[in-house]
Every structure is written in C-alpha cells, then in structure tokens.
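Engineer: My structure is below; once you've seen it, I'll send some questions.
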Amino acid sequence: MSKIRTLLGSLSLSVVLTVGLAGVASATPPNIPTETTARSELAALTVAADGSMTGYSRDLFPHWSTISGTCNTRETVLKRDGSNVVTDSSCAATSGSWYSPYDGATWTLASDVDIDHVVPLAAAWRSGASSWTTSQRQAFANDLSYPQLIAVTDNVNQAKGDQTPATWKPPRSAYWCTYAKMWTHVKYKYSLRVNSAEKSALSSMLNYC
Numbered sequence: 001m002s003k004i005r006t007l008l009g010s011l012s013l014s015v016v017l018t019v020g021l022a023g024v025a026s027a028t029p030p031n032i033p034t035e036t037t038a039r040s041e042l043a044a045l046t047v048a049a050d051g052s053m054t055g056y057s058r059d060l061f062p063h064w065s066t067i068s069g070t071c072n073t074r075e076t077v078l079k080r081d082g083s084n085v086v087t088d089s090s091c092a093a094t095s096g097s098w099y100s101p102y103d104g105a106t107w108t109l110a111s112d113v114d115i116d117h118v119v120p121l122a123a124a125w126r127s128g129a130s131s132w133t134t135s136q137r138q139a140f141a142n143d144l145s146y147p148q149l150i151a152v153t154d155n156v157n158q159a160k161g162d163q164t165p166a167t168w169k170p171p172r173s174a175y176w177c178t179y180a181k182m183w184t185h186v187k188y189k190y191s192l193r194v195n196s197a198e199k200s201a202l203s204s205m206l207n208y209c
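Residue numbers (the UniProt record's numbering): 1 to 209.
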C-alpha cells in the first residue's frame with residue numbers, strides 16, 4: 001500500500017503539470033517504462049486468482065473528475081492525445097484528430113473516441129481495488145501521471161470491456177509491447193495482483209518489444 005500512498009501524494013502536482021501541457025499532442029501516455037523495467041515489475045507482481053465482483057459498481061470509482069476550469073479528465077486526455085484540438089467554452093472538443101494506436105485508425109470527431117482505462121476499473125476491483133478507499137479509486141480512475149488513460153477508437157474500447165490481456169489484446173499487434181508495458185506498470189504502481197493467465201499473456205506480449 002506504500003506505493004499507492006506515494007502515488008496519491010504526488011497526483012495533484014502531476015495533474016497540474018499534465019494540464020499545463022494539455023494543448024500539446026503526445027505520442028503516448030506518460031511514464032511508459034522500458035521493456036527491462038516492465039519485465040522486472042511483472043516478476044514482482046503477486047500472482048493470485050481473481051477476487052469476487054461482489055459489490056462492484058463503476059460509481060465506486062468516481063471518474064472524469066474536473067481537472068481545471070471546465071475541463072474534466074476525459075477532455076484533458078482528448079487534448080493531450082489529439083492533434084490540433086480546438087475546444088469550446090465548456091472544454092468540449094469541437095475539432096481535431098485522434099490516432100488510435102490500438103487499431104491504427106484516425107478520427108476527426110471526438111464522439112468516435114473513447115478514453116480507455118488501460119487496466120479497466122472492474123479488473124482493478126478483482127485484483128485488489130475492492131479494498132481501497134473511495135479517494136484511492138478516484139485517483140486510479142483519473143490518473144494522468146501514469147499510462148492508465150489513452151484515447152482510442154470507441155468500438156475497440158467497448159469490445160475490450162473489462163478484459164485482461166489473457167482474453168483481449170489490441171487488434172494491432174505492433175502495439176502489444178507498449179500495451180503490456182503500460183498494463184504492467186499500472187498494476188505495479190498500484191500494487192494490484194495478476195492471475196496466472198494474465199501474467200503469461202503479458203510476458204508473451206513483451207516478446208514483441
């Protein structure tokens with residue numbers, strides 16, 4: 001839990017810094033580790049069967065918090081991950097383009113883009129987040145400091161649902177390495193468990209690096 005406390009303690013400053021850069025398109029979410037670091041973190045994760053979904057609700061992970069002014073987390077990520085993004089007075093994106101690395105598609109309407117939680121909220125619940133406080137779950141659901149949020153094609157995100165890499169991978173295999181590094185890093189930073197099939201899939205995906 002010490003890693004979670006450290007992460008939460010630095011979240012406010014990290015969010016401020018991220019918002020300051022929100023107008024600049026970013027090729028990737030922040031703090032994606034190297035393959036070597038990801039493999040080390042994967043080896044350090046606790047392997048255990050998934051926990052129960054009893055009591056789970058997305059409402060237990062307050063998401064799309066207001067970050068600055070009228071901009072919430074979703075809108076902040078849309079600006080971060082897009083190119084030439086223009087927003088209105090309510091911070092809604094009115095124009096721009098978004099490249100989805102999961103499937104290689106490019107979109108010019110924000111309505112075609114979802115903000116994916118790399119480690120889904122339900123997957124986090126099954127692997128340790130059920131015991132967190134509401135503030136810890138809120139920090140996880142709105143994390144702009146680590147590679148937990150990314151703008152992708154809406155249908156691809158919806159097909160993923162709450163699946164782990166054991167049963168779902170990005171359609172574009174060229175992104176498997178990066179996806180595995182992001183997933184592993186988030187699980188490590190939040191002290192979340194992995195099940196054996198998930199760990200095996202992540203290890204195989206890192207072979208694409």
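Cβ atoms here follow ideal geometry from the backbone N, Cα and C, with glycine treated the same way.
Is the stretch 86-93 in contact with the stretch 143-154, if contact means three or more CB pairs nearer than 8 Å?
Structural biologist: Not touching, per the Cβ criterion.
Engineer: A22 to K79, Cα distance in whole Å?
Structural biologist: Residue confidence for A22 is low, a pLDDT of 36 falling below 50, so the modelled location carries little weight and cannot support an answer.
Engineer: Give me whichever residues DSSP pairs with A201 in a beta bridge.
Structural biologist: DSSP lists no partner for A201.
Engineer: Going residue by residue through the stretch 140-166, where are the continuous beta strand (DSSP E) segments of at least 3 residues, counting only ones entirely within it?
Structural biologist: The stretch 140-166 contains these whole beta strand (DSSP E) runs: 149-153.
Engineer: Please determine, among S200, Y190, T178, the residue with the shortest C-alpha to C-alpha distance to T34.
Structural biologist: Looking at the Cα atoms, T178 is the closest of the given residues.
Engineer: For M161, tell me which candidate among T28, I32, L121, A110 has the shortest Cα-Cα distance.
Structural biologist: It is worth fixing the name first, because residue 161 is Gly in this sequence and not Met. Among T28, I32, L121, A110, the Cα nearest to that of G161 belongs to L121.
Engineer: By the DSSP assignment, the beta strand (DSSP E) with D88 in it spans what residues?
Structural biologist: No beta strand (DSSP E) contains D88, which DSSP labels as neither H nor E.
Engineer: In the DSSP assignment, find the alpha helix (DSSP H) that holds A38 and state where it starts and stops.
Structural biologist: It spans 35-44 - the alpha helix (DSSP H) in which A38 sits, taken as one unbroken run.
Engineer: Please report the distance separating the alpha-carbon of S26 from that of D81.
Structural biologist: Legend: pLDDT at S26 = 41, less than 50; position of this residue unreliable, value from coordinates given subsequently. Taking the straight line from one Cα to the other gives about 5 Å.
Engineer: Going along the chain, which residues of its own chain have a beta-carbon closer than 8 Å to the beta-carbon of V24, five neighbours each way excluded?
Structural biologist: Any reading at V24 needs caution, since the residue's pLDDT is 37, under 50, leaving its predicted position unreliable; the model's value is listed next. So the qualifying residues of the chain are R80.
Engineer: Give me, in chain order, the residues of the same chain whose beta-carbon lies closer than 8 Å to that of V86; leave out the 5 immediate sequence neighbours on both sides.
Structural biologist: Counting only Cβ-Cβ distances below 8 Å, and skipping sequence neighbours, we find A93, T94, S95, G96.
Engineer: To the nearest angstrom, how far is the alpha carbon of Y190 from that of F140?
Structural biologist: Using only the alpha carbons, I get a separation of about 8 Å.
Engineer: Go ahead and pull the three-state DSSP assignment for H185.
Structural biologist: Looking at H185 - three-state DSSP - the assignment turns out to be helix.
Engineer: Taking all protein chains shown into account, decide if L109 is buried (16 or more other Cβ within 10 angstroms of its Cβ) or exposed.
Structural biologist: When all chains shown are included, L109 counts as exposed.
Engineer: What separation, rounded to the nearest whole angstrom, lies between the Cα atoms of Y146 and G104?
Structural biologist: Roughly 22 Å between the two C-alpha positions.
Engineer: Thinking just about the alpha-carbon of each residue, which of T36, W107, Y56, V113 is nearest to the one in R74?
Structural biologist: Nearest of T36, W107, Y56, V113 to R74, Cα basis: V113.
Engineer: Rounding to the nearest angstrom, what Cα-Cα distance links T54 and N84 in this structure?
Structural biologist: Those two C-alpha atoms are separated by around 43 Å.
Engineer: Who are the Cβ neighbours of M205 in its own chain at under 8 Å, not counting the five residues just before and after it?
Structural biologist: Excluding residues within five positions, the ones whose Cβ falls inside 8 Å are P165, K169, W176, C177, Y179, A180.
Engineer: By the 10 Å Cβ neighbour count, where 16 or more other Cβ atoms means buried, how is Q148 classified, buried or exposed?
Structural biologist: Buried, because 16 or more other Cβ atoms sit within 10 Å of the Cβ of Q148.
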